[in-house]
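Encoded as structure tokens, the structure appears first; notes follow it.
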Amino acid sequence: MSGDLFATSSAATRIAQLRDEIALHNHRYHVLDAPSISDSAFDALVRELQALEAEHPQLVTADSPTQRVGSPITGGFDEVRHDVPMLSLGNAFSDADAGEFFQRIADKLGRDDIAFSVEPKIDGLAISLLYVDGVLTRAATRGDGSTGEDVTHSVRTIPSVPLKLMGGDLPRVLEVRGEVYMPRAAFEAFNERARERRERTLANPRNAAAGSIRQLDPKVAASRPLAFFAYALGRIEPEATWTQHTDMLADFRGYGLPVCPEADRAVGLDGLLAYYRRIGERRDALPYDIDGVVYKVDDIAAQRELGFVSRAPRWAIAHKFPAREEQTVVEAIDVQVGRTGAITPVARLRPVQVAGVVVTNATLHNEHEVRRKDVRVGDTVIVRRAGDVIPEVVSVVLDQRPEGLVPFDMPTQCPECGSLLAREGDEAVLRCTGTGICPAQRKESIRHFASRRAMDIEGLGDAYIENLVDLGYVHHVADLYALTLDQLLEMKRRADERDGVVPETVKKGKVASRWAENLLAAIDASRKTSLPRLLFALGIRDVGESTAKTLARHFGALDRIASASEADLMTAPDVGPVVASRIAAFFAAPHQREVVDLLRARGVQWEEGEPLAAAGPLLGQTVVLTGTLSALTRDEAKEKLEALGAKVSGSVSAKTKFVVAGSEAGSKLDKARQLGIPVLDEAALLALFAEHGA
Ligand code: IVH
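Under the numbering used here, the residues of the sequence shown are numbered 238 to 931, in order.
Right, here's the structure in full:
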């Protein structure tokens with residue numbers, strides 16, 4: 238009996254330790270964006286905690302990191318009355334509106350050196366989080382401002398929402414308000430996957446956030462990559478001592494709550510407008526959608542003095558950016574053929590300004606999406622442009638559909654080469670089957686080949702590629718290396734003619750020949766390349782830059798990759814069955830082999846080396862690098878270790894042969910010591926390299 242008690246109390250200690258450690262790493266990863274351990278080491282901590290909790294179920298508490306996803310709720314959402322109403326904000330749509338807002342405040346306060354907390358206006362869903370004694374006890378939506386819905390079960394699953402606040406000096410009750418949102422990249426990735434699986438896509442990140450939270454089953458929210466930013470106070474007990482809103486945000490950060498990193502402080506109207514422009518310029522580059530910025534009088538006493546009008550504070554306003562979604566009319570639907578034959582339907586639009594850019598085309602993704610959205614020529618549609626992703630048609634405005642519009646049918650043949658279109662397996666995309674003959678596929682693959690991150694042929698623009706293919710001078714990428722000066726001049730003459738420009742280049746023959754000589758020189762310069770660049774440039778499906786690098790490093794030579802079996806290919810890190818089959822299929826095609834042979838014959842060269850890990854004194858040994866090395870970078874050390882046959886891993890386990898610890902080595906070194914794994918310092922590593930001539 239006493240033994241059991243002892244076991245329970247030591248388990249309780251370890252459980253508490255693990256929870257703190259996991260919460261800390263979770264905060265570093267999801268809030269600070271500065272992880273300090275590998276994913277696998279983090280997973281190991283969670284697994285250890287799960288195992289202990291399974292053994293001691295009486296020790297499980299709601300604030301344990303293992304309890305983020307609970308059971309579905311039944312019978313709908315409970316109502317939550319907001320003790321302090323959740324207000325909305327007035328809007329400013331112009332600098333003049335913002336000026337009036339500022340002037341009203343300056344008049345009322347009798348001064349104009351007013352400081353503001355300035356924050357992006359996150360385009361998501363407003364949420365109130367209630368922490369009692371530091372523990373998240375309830376999360377609610379805004380609802381009508383006075384009554385919202387209890388969505389605790391969903392909000393708990395958001396990794397950046399702390400289940401427990403950090404720090405020692407916590408208020409007994411803290412109700413924080415903020416926005417739940419879906420980062421744009423996560424939203425795009427979610428839709429991409431949904432399209433592949435022919436499932437419903439989400440209209441925009443805001444709807445995505447709202448739709449994910451208002452679900453009875455918390456598994457839905459847990460499966461969606463949601464995040465949270467805190468920006469306001471609901472209620473606090475005992476009363477707070479903050480005098481400035483920005484100080485409060487700083488304390489929120491201290492509690493482990495995520496606060497938008499772009500939040501700042503600005504003084505005077507000039508300061509507000511400068512912030513508006515600064516954030517506006519960065520809008521497309523921010524990882525989440527914002528629809529404006531919010532100005533809040535920083536001084537809390539001044540906020541009180543200013544008070545409220547109806548449902549909005551007088552001391553704050555939202556200065557809006559141009560909308561990301563606009564309406565326009567579909568004038569035609571075309572299909573485009575990509576490098577790998579993928580057919581993408583594209584809506585040609587009546588030109589419309591969307592968030593500062595004129596949009597004339599929008600992607601409809603694939604046949605299934607056109608059907609699902611039922612987009613027809615003549616329809617009024619909502620177009621969305623966000624970040625640097627291609628504009629897309631979100632939906633049709635059905636009540637503006639004129640009579641007699643016919644549903645869109647995908648062509649059955651490639652519009653460029655007439656080959657049949659076919660689907661591979663149950664893929665959603667149709668592909669042109671004319672690989673090797675389709676001029677559109679050829680143009681796209683040449684464009685990819687010449688692009689900056691591939692062979693980097695400067696000056697070979699899209700229009701030129703188009704003409705070179707149409708004139709029959711270039712059939713495939715290797716033909717670029719057989720182009721003559723005369724051919725380039727002829728191509729340029731035609732291009733100018735087609736564009737309707739006076740063929741200046743013909744009048745001034747010298748200019749044209751200098752242009753052509755430059756392009757030939759750029760093509761020539763690209764002959765000297767590297768194996769990863771060449772591999773990427775070949776345009777093998779699903780072989781991006783990083784896979785190309787991995788393949789090059791693993792196999793060392795192109796011929797070894799070209800002749801490898803799928804099983805051999807899969808011995809390279811991160812190469813799974815799909816990528817392996819793509820590579821094998823590429824090199825099994827006789828015309829692709831011919832192109833590679835021609836590239837060589839026409840002087841394209843790259844360095845080749847030995848395959849990795851086929852030999853070497855460290856063959857089959859797993860090694861971990863940690864801390865900072867001084868004589869070489871971690872990547873260099875990794876490369877040398879791999880050249881000796883070792884596999885370099887990110888986390889220490891029982892299988893680790895040895896750990897190399899540079900200065901300031903942290904948890905990996907501790908773990909190695911715990912497991913009794915040999916540790917080498919930098920000098921020993923250098924000695925090892927010297928011994929083996931690495
Ligand atoms: S403050 C009393 N700050 O905008 C002030 N709101 O139109 C309450 N929002 O319902 C709101 N980012 O959902 C504030 N940095 C921010 C915000 C923000 C987004 C949303 C919020 C609110 C709506 C008001």
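Cβ atoms here follow ideal geometry from the backbone N, Cα and C, with glycine treated the same way.
Check: residue i C-beta below 7 angstroms from any heavy atom of the ligand IVH
i    : result
E562 : no
E879 : no
L326 : yes
P498 : no
A809 : no
L550 : First, the residue type needs correcting, since residue 550 is Pro and not Leu in the sequence shown. Yes, since a heavy atom of the ligand IVH falls inside the 7 angstroms radius drawn around the Cβ of P550.
A363 : yes
R421 : no
V297 : no
A555 : yes
V534 : no
R443 : no
K358 : yes
E233 : No answer is possible for residue 233: it lies beyond the span of the chain, which begins at 238 and ends at 931.
R541 : no
A503 : no
Y512 : no
A749 : no
R379 : yes
Element boundaries [alpha helix (DSSP H), containing residue i]
i    : result
K456 : 455 to 460
Q911 : 904 to 912
D796 : 795 to 799
S818 : 814 to 825
S632 : No alpha helix (DSSP H) contains S632, which is instead part of the beta strand (DSSP E) from 629 to 633.
Q295 : From DSSP, Q295 is part of no alpha helix (DSSP H); its letter is neither H nor E.
S682 : 676 to 687
G327 : From DSSP, G327 is part of no alpha helix (DSSP H) but of the beta strand (DSSP E) over 327 to 329.
L922 : 919 to 928
Between the CA atoms of residue j and residue i - distance to the nearest angstrom
i    : j    : result
K765 : E844 : 9 angstroms
P915 : G853 : 20 angstroms
T480 : V321 : 19 angstroms
V780 : F823 : 11 angstroms
I694 : R679 : 17 angstroms
M238 : H293 : Model confidence at M238 stands at a pLDDT of 43, short of 50, so the residue's coordinates are unreliable; what they give is reported in the following sentence. So the two alpha carbons sit approximately 15 angstroms from each other.
L708 : A555 : 56 angstroms
I760 : A749 : 17 angstroms
V297 : E290 : 6 angstroms
E681 : G671 : 13 angstroms
A880 : A801 : 20 angstroms
S900 : D872 : 16 angstroms
S783 : R587 : 39 angstroms
V643 : E568 : 13 angstroms
V595 : V620 : 11 angstroms
P420 : A459 : 14 angstroms
N328 : E337 : 11 angstroms
G179 : R548 : Not covered by the structure: residue 179. The range shown for the chain is 238 to 931.
V392 : A288 : 25 angstroms
L326 : A553 : 7 angstroms
R660 : A431 : 17 angstroms
L835 : D907 : 54 angstroms
Chain D contact for residue i (CB, 8 angstroms cutoff)
i    : result
V530 : Given the protein chain composition of this structure (a single chain), no chain D is represented.
Endpoints, the beta strand (DSSP E) within which residue i is located
i    : result
S767 : Careful: S767 lies outside any beta strand (DSSP E) and carries neither H nor E.
L543 : Careful: L543 lies outside any beta strand (DSSP E), inside the alpha helix (DSSP H) at 537 to 543.
N598 : 594 to 600
G737 : Per DSSP, G737 belongs to no beta strand (DSSP E) and is neither H nor E.
H556 : 553 to 557
Paired residues, beta bridge with residue i - DSSP
i    : result
D387 : A377
I364 : T378, G415
K358 : G529
I473 : L411
The ligand ADP heavy atom lying under 7 angstroms from the CB of residue i
i    : result
V398 : Of the ligands this structure carries, namely the ligand IVH, none is the ligand ADP.
For the segment 543 to 558 and the segment 567 to 584, state whether three or more C-beta atom pairs, one from each stretch, are separated by less than 8 angstroms. Flag = no, the segment 543 to 558 and the segment 567 to 584 do not touch.
Given 8 angstroms, three or more beta-carbon pairs between the segment 625 to 632 and the segment 645 to 662: No: fewer than three Cβ pairs fall under 8 angstroms.
Between the segment 712 to 728 and the segment 785 to 797, are three or more C-beta pairs nearer than 8 angstroms? With a cut-off of 8 angstroms, the segment 785 to 797 and the segment 712 to 728 do not count as touching, because too few Cβ pairs lie within range.
Three or more C-beta pairs under 8 angstroms: does that hold for the segment 502 to 512 against the segment 394 to 409? Taking 8 angstroms as the limit for Cβ pairs, the verdict is that the segment 394 to 409 does not touch the segment 502 to 512.
Would the segment 483 to 494 and the segment 443 to 451 be scored as touching if the rule is three or more Cβ pairs under 8 angstroms? Contact between the segment 483 to 494 and the segment 443 to 451 is absent, with fewer than three C-beta pairs closer than 8 angstroms.
Using 8 angstroms as the threshold, is the segment 340 to 359 in touch with the segment 516 to 536, meaning 3 or more CB pairs across them? Yes, the segment 340 to 359 touches the segment 516 to 536.
On the three-pair Cβ rule with 8 angstroms, is the segment 661 to 668 touching the segment 564 to 579? Output reads yes: the segment 564 to 579 touches the segment 661 to 668.
Does the count of Cβ pairs from the segment 338 to 345 and the segment 389 to 397 closer than 8 angstroms reach three? No, because fewer than three Cβ pairs between the segment 338 to 345 and the segment 389 to 397 fall closer than 8 angstroms, the two stretches do not touch.
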